Amino acid sequence: MRIMIVDDETFIRVNFKTFLDWEQEGYNLVGEAANGEEALAKIEELKPHVVFLDIRMPVLDGLSVLQELQRRKFPCKVIILSSHNEFDYAREALRLGACDYIHKPNLTRTAVLEALDRIQKQISPYADMGQFPVQQEKNRSELKTLFLRDLVIGVIRHKWEIDQKTEQYQLQLKQPNVCCIVMHIDQYEQVMERYKKGMGHLLGFSILNILQEVLSRYDELELFQTNPKEFVILKSFSNVRSMNEILEERWRLLRKVEKTLKQFLNIHVSFSISGLHSRLLDIPKAYHEAQEAAEMLFFEVQSNVAVYEPVASRNEKDRAALAHYEQRIRKAITEKKMADAMKILHEMFAAIKERRPADRHEILELCVNLHYLIQSHLREDHPGTETAGVQKLMSAERAEFLHGMLVQELEDLSASQAEDSSSSNYKIKRVIDYIHQNYAHDLTLDELAGYVGLNNSYLSRIFKEQTGSMLIPYINGYRVKKSLELLKEGKLKTYEIAEKVGFNSIDNYYLSFKKIYGLPPNEYRKTCMGK
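Counted from 1, the sequence shown has number 183 at position 183 by the UniProt record's numbering; the numbering is strictly sequential.
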């Protein structure tokens, strides 16, 4: 089978020619073209069986090439290469005779071989004649999904467009009472860990297949996927006039979806729901409302459903109250009052749940700050590890999860401080013993910290907390104390005593001695020892 590629992007053509061994696969890549005019000339010359044709090109675009091929009755099959935002072009190309299309982002070896295999069966005398209608249906389904995505994001703005495509794709939606339900996969990252690398798309495929089967009995409903962890259900209740009936039917629908996905895929989902709208043209607004309602899921504790309600603007007083909670927690942790810190943390999350004083991003930022604070105390003797867990916090889907995580960290800090207190007592005792044994040497903070496996600043702080003295003054004080014995003996000169007890200069010895006993060592010996 002879193949030709037509695309104005050099990268696409080069990639197309090199991402598989054409001859080994049984195909002959006979040529390429960079625009529509060049393509027509080469198609006439090379007579390819299949042309991969870009829609958007200079000189002559893909649609014009298709029209000309149809006019000239060239028998080649055409596979359209389109971008995601070229829905109308792709639809028109299929109307003009293109037999298949591939989205450029999905232009892979597998996609090309599958498309060629379908065409091979079409042109083979032994082709399975049922295959082509199946592919046509697949194309129609994908184009329908593209249209629905464009509809919810507001690309479709005219009633006539909606009416036309509603008929074309046999959409089930009617007016009035139209709502948008956005379904979110909970703990998406953990769910994806079940799938091998590169196979994550199977999750979305499975969800759509299962739900399309289950929801087939519901009328006035369309289901499609917008991104890997978000699905949209558009539902209208045109024949239902009672609000209670609408709410009951909607509730049954959500519970059916939830139960089915738990049963067959073992996944949990949440729903955010728009208000009811009278026109299909209002679907973009409904989708926006559902997205806003999704933010409210963050504050829910037990429910996995959030219904859109206009949110009153948050004021500076609310934010100031939240900041005050943070300050109080900081103060309690710094003062090692863990019970107080825990109490304030519970109060803060109760306020978050009740008043929702800030949006999700602001609350995440506050919790990350508290996480860093707790970890900085928890890992004080091993700095640099406090960033662990930030990613876990930032991916939190519920404020309740943040609450639980910070409670656990505070409990860990409290236990660590109790353990550290015992451990610190032992380590400070070892430091003191080391000083008493080695005071005559040139002791340094680095040496002492290394001896007990702590960093310098942490050792200095806990030494002061437990002894009431800074480390260096303590060492010098012990040296002065030991010098008294030598002064009493009277055998050594003052500078010799200073050197013998570890002072590196006579001046330091004099200053330290006088600071403790009020007199220089010589005068002290004369006055107090009578020598």
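Ideal Cβ positions, reconstructed from N, Cα and C, are used throughout, including at glycine.
Remember, it's a predicted structure, so these values are computed and weren't measured experimentally.
Neighbourhood of residue 342 by C-beta distance below 6 Å, restricted to the same chain and skipping five residues each side: 410
Where residue 159 and residue 363 are concerned, what is the direct C-alpha to C-alpha distance, given to the nearest angstrom? 41 Å
By Cβ distance, which residues of its chain are closer than 6 Å to residue 268, with the 5 residues on each side in sequence left out? 186
Proximal residues to residue 498 (C-beta, below 6 Å), its chain only, five neighbours per side dropped: 506 and 509
Residue 100 versus 115, 109, 89 and 108, residue with shortest Cα-Cα distance: 115
Given residue 476 as reference, the closest of 13, 489, 442 and 456 once Cα atoms are compared: 442
Assuming residue 40 and residue 59 make a contact with CB atoms under 8 Å, what is their CB distance in whole Å? Actually they are not in contact, since the Cβ atoms of residue 40 and residue 59 sit about 10 Å apart, beyond 8 Å.
Exposure label - residue 57; buried when at least 16 CB within 10 Å: buried
Cβ of residue 247 within 9 Å of Cβ of residue 235? no
Anyone know if the C-beta pair for residue 109 and residue 52 falls short of 9 Å? no
Would DSSP call residue 57 helix, strand or coil? coil
For a minimum of 4 consecutive residues, which ranges assigned as the alpha helix (DSSP H) are wholly contained in the segment 331-385? 338-355 and 360-378
Alpha carbon to alpha carbon, how far is residue 148 from residue 266? Give it in angstroms, no decimals. 28 Å
What does residue 236 pair with, by DSSP beta-bridge criteria? 178
Residue 19 - DSSP class collapsed to helix/strand/coil: coil
Name the DSSP bridge partner or partners of residue 222? 234
Determine the contact status of residue 153 and residue 162, defining contact as a CB-CB distance below 9 Å. no
Separation of residue 211 from residue 172, as counted between CA atoms: 16 Å
Given this structure, state the Cα-to-Cα distance separating residue 44 from residue 21, to the nearest angstrom. 25 Å
Taking the beta strand (DSSP E) that residue 103 falls in, what are its first and last residues? 100-103
Buried versus exposed, by CB contacts within 10 Å (16 or more), residue 324: exposed
Between the segment 395-408 and the segment 426-444, are three or more C-beta pairs nearer than 8 Å? no
Secondary structure of residue 519, DSSP reduced to three states: coil
Suppose contacts are defined by Cβ-Cβ distances below 9 Å. Is residue 2 in contact with residue 28 by that definition? yes
Since residue 2 is in the alpha helix (DSSP H), which residue starts that stretch and which ends it? From DSSP, residue 2 is part of no alpha helix (DSSP H) but of the beta strand (DSSP E) over 2-6.
Quick one: Cα of residue 504 to Cα of residue 492, how far? 17 Å
9 Å Cβ cutoff met for residue 329 and residue 393: no
Start-to-end residues for the beta strand (DSSP E) that takes in residue 35: Counting along the chain, residue 35 falls outside any beta strand (DSSP E), and DSSP gives it neither H nor E.
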